[in-house]
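Novice:
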Amino acid sequence: MVERSMPQQSAADPILESLEAASKATWRDFVEVTKPGINKSNLFATFVGYFLAAGFTLFDWSTLVFTLLGTALVIAGGCAINNFYDRDIDPLMERTKTRSVAEGRMKPTVALWYGIILTVVGMLVLGIGVNLLSAVLALVGFVVYVFIYTMWLKRTSTLNTVVGGFSGAVPPMIGWVAVTNSIDLNAWALFLILFMWQPPHFFALAIRKADDYRRAGIPMLPVVKGLKETKKQTLIFTLLLIPSSVLLFVTGANSWFYLVCALCLGVIYIALAIKGFYTDDQEKWSKQMFFYSLIYLTTILLVIMLDVVITESIAMLTK
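For the sequence shown, this note's numbering begins at 87 and goes up steadily by one.
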């Protein structure tokens, strides 16, 4: 009797599996896994940083395109790797359970390599097409988001929101550095606005989605320390937004028009944060805080650019 030996598994099988998985995922899945909504808002902040530094005088389309493209690719890569790593907890939350990796439409290895490739290409675009410092900043933001936030603090500490905000505050710095090739006080002012804005924004979301985070075992502040502590920290960060936003006026990067608008926006934000201590309808208040956080960020970034347009237009007219 002749025994037949079992066919040995080919070394190419993992590659074939990845190709098969990639064929199941649609182009929409490859877009969705990069979190385009987050990417768009970060690119807007990058553009604002670029325009604040360049104005009309130093504005260069090719540099801007390379800056936005490189930043977009690095952010997309980080988000794809975030989808890869969070594939065990995403199915437990309503707002993330339909993600392509969580639902199995895209294999985890495909998402991982997709993220790595996007990140490497993005770094090269920034390093070669813009300057080395912009690539370094993008790398720092990537490391904080993927390794410190996603792989460590998100699952272990309520500090995840605050520390994770570091990576979200880097994009406008990249825009500034693309023009100046230096990290000065103006770059840090842009960083601080985004950094101080993020905790109140995500605390409001965490209050609304507390059951989701609790089910997934994610130690968000409202889940671990309750509403009172969350409201207190929300107020602290909205208060810190005032001096952070005023810094652009102090450095001379923006004028009185910006200062007045920034103060008005900040006072409204603080008033809403204080309102949280005196309301019984937590759902309504958290929705108001979340909605206003979007208004605040969009408006203050637009005001930064509008101020540059007004200032430089007046300067040209008075020459």
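Ideal Cβ placement from N, Cα and C applies to all residues, glycine included.
1. At what residue ranges does the segment 178-265 contain a whole run of the alpha helix (DSSP H), taking only runs of 4 or more?
2. For THR112, name the three-state secondary structure that DSSP assigns.
3. How would you write the range of the alpha helix (DSSP H) that SER379 sits in, first residue to last?
4. Excluding the 5 residues flanking TYR171 on each side, which residues of the same chain have their C-beta closer than 7 Å to its C-beta?
5. VAL226 and VAL256 - do their beta-carbons sit closer together than 8 Å?
6. So what does DSSP say about ASP298, is it helix, strand or coil?
7. Since PRO258 and PHE277 are thought to touch, with beta carbons under 8 Å apart, how far apart are those beta carbons, to the nearest angstrom?
8. What separation, rounded to the nearest whole angstrom, lies between the Cα atoms of ALA302 and LYS314?
9. Have a look at ALA131, ARG191, SER127 and flag the residue whose alpha-carbon is nearest the alpha-carbon of TRP113.
10. How would you write the range of the alpha helix (DSSP H) that TYR364 sits in, first residue to last?
11. Can you tell me whether DSSP reads VAL119 as helix, strand or coil?
12. Just reading off the alpha helix (DSSP H) that PRO329 is part of, what are its end residues?
13. What would DSSP say about PHE130, mapped onto helix, strand or coil?
14. Measuring straight from C-alpha to C-alpha, what distance separates SER331 and ALA275?
15. Quick one: Cα of PHE137 to Cα of ILE293, how far?
Specialist: Inspection of the coordinates gives the following:
1. Entirely contained in the segment 178-265, the alpha helix (DSSP H) runs reaching 4 residues are, in chain order, 194-215, 218-229, 246-254.
2. Looking at THR112 - three-state DSSP - the assignment turns out to be coil, as it is neither helix nor strand.
3. SER379 -> alpha helix (DSSP H) spans 368-403.
4. Beyond the five residues adjoining it in sequence on each side, TYR171 comes within less than 7 Å, by CB distance, of THR236, MET237 in the same chain, given in chain order.
5. Closer than 8 Å, so yes.
6. ASP298 falls in the helix class under three-state DSSP.
7. Their Cβ separation, rounded to whole angstroms, is 7 Å, which keeps PRO258 and PHE277 in contact under 8 Å.
8. Taking the straight line joining both Cα atoms gives about 22 Å.
9. Closest option to TRP113, Cα to Cα, is ARG191.
10. Element bounds for TYR364: n/a, residue is neither H nor E.
11. The DSSP-derived three-state label of VAL119 is coil.
12. From DSSP, the alpha helix (DSSP H) with PRO329 extends over 307-336.
13. Shown here, PHE130 sits in a helix according to DSSP, grouped into three states.
14. C-alpha separation (whole angstroms): 7 Å.
15. Taking the straight line joining both Cα atoms gives about 35 Å.
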